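*Asks:* Dropping the structure in here first, questions after.
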Amino acid sequence: LVKPTLVKKIVKEGEVIYDASGKAFQQVFDPSISREIIYALKSTTKPGGGGMRADIPGYTEGGKPGTTEKIIKGTYSKKHHYSSFIGFTPASEPKFLLYVAIDEPEYRFMPGIGKTYFGGRCAAPPFRHIMERTYKYLGIPPDDPHGYPMGHPDADPTKADWYEQVGILKDLYNQWNR
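Residue numbering for the sequence shown is 980 to 1157, as defined by my numbering.
The structure is reproduced here in structure tokens:
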């Protein structure tokens, strides 16, 4: 494994002062734990998940929405927030990681949608749009050929990558809420 870094090399007057290229690092998690985390985060962008507006039709992705109250005049505000979504794609072998943060998203309630300032509602869509454009620009084909919204000619939820997992989560939800 190669350590991710923002600064690869520092050169001053032709002399290399710092060189991080090729530095290895110790793996923090066992690969099986990493797979479980990816599996769990994939469900957030699918039907019933808190970040389903980040779903990229035809592709697999995972992520985590976030919302926090801002501190205004020394106290947590109920009307001023930070909203975010961090996601990765494709989920099977992540190549892209994107963090979207919105400072003070619009605070309102929309019938049929709910509170608009939550990360899954306001920060997840920009993630989806940016990644859709990235895939299109780079010419990367879909990795979930059946994972399209209902009504799309290629949609077949029973064959989609997420189908089994969403079913398991639905069963758990029903067990917990009896």
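No residue lacks a Cβ here, since even glycine has one placed at the ideal position from N, Cα and C. If you're wondering where the values come from, they're calculated on a predicted model, not measured in any experiment.
Between the C-alpha atoms of S1000 and I989, what's the straight-line distance to the nearest angstrom?
*Replies:* Distance between the alpha carbons of S1000 and I989: 11 Å.
*Asks:* So, helix, strand or coil for E1048, using DSSP?
*Replies:* Note: E1048 maps to strand in three-state DSSP.
*Asks:* If you draw a straight line from the C-alpha of K991 to the C-alpha of L985, how long is it?
*Replies:* Using only the alpha carbons, I get a separation of about 18 Å.
*Asks:* Give the DSSP-derived three-state secondary structure of S1000 in the structure shown.
*Replies:* Reduced to three states, the DSSP call for S1000 is coil.
*Asks:* Going along the chain, which residues of its own chain have a beta-carbon closer than 6 Å to the beta-carbon of F1106, five neighbours each way excluded?
*Replies:* Only A1033, F1064, G1066, L1077, V1079 meet the Cβ criterion.
*Asks:* Exposed or buried, M1110, counting other C-beta atoms within 10 Å across all chains shown (16 or more means buried)?
*Replies:* It counts as buried.
*Asks:* Taking contact to mean 3 or more Cβ pairs, one atom from each stretch, closer than 8 Å, check whether the region 1089-1107 and the region 1015-1030 are in contact.
*Replies:* Touching, yes, given that three or more Cβ pairs across the two stretches are closer than 8 Å.
*Asks:* Who are the near neighbours of S1011 in its chain, counting only those whose CB is closer than 7 Å to its CB and skipping five residues on each side?
*Replies:* Taken in chain order, the list of residues that qualify is empty.
*Asks:* When DSSP labels each residue in this structure, what does V990 get in the three-state scheme?
*Replies:* Strand.
*Asks:* Can you tell which of T1046, A1070, G993 has the C-alpha that lies nearest to the C-alpha of R1014?
*Replies:* Of T1046, A1070, G993, the residue nearest in Cα terms is A1070.
*Asks:* Should Y1061 and G1042 be called a contact, given that it needs their Cβ atoms to be closer than 9 Å?
*Replies:* Against a cut-off of 9 Å, the Cβ pair of G1042 and Y1061 comes out as no contact.
*Asks:* List the endpoints of the continuous alpha helix (DSSP H) containing W1007.
*Replies:* The sequence shown places Val at residue 1007, not Trp. Counting along the chain, V1007 falls outside any alpha helix (DSSP H), and DSSP gives it neither H nor E.
*Asks:* Within this structure, are the beta carbons of Y1114 and Y1038 separated by less than 9 Å?
*Replies:* The answer is yes: Cβ separation under 9 Å.
*Asks:* Quick one: using the 10 Å Cβ neighbour count with 16 as the cut-off for buried, is P1084 buried or exposed?
*Replies:* Under this definition P1084 is a buried residue.
*Asks:* Rounded to whole angstroms, what is the Cα-Cα separation between F1004 and L1117?
*Replies:* Those two C-alpha atoms are separated by around 30 Å.
*Asks:* Looking at K1025: is its Cβ nearer than 9 Å to the Cβ of Q1154?
*Replies:* Cβ distance not < 9 Å, so K1025 and Q1154 don't count as in contact.
*Asks:* Taking the beta carbon of T1023 as the centre, do at least 16 other beta carbons fall within 10 Å, making it buried, or is it exposed?
*Replies:* Counting Cβ neighbours within 10 Å, T1023 comes out buried, since at least 16 surround it.
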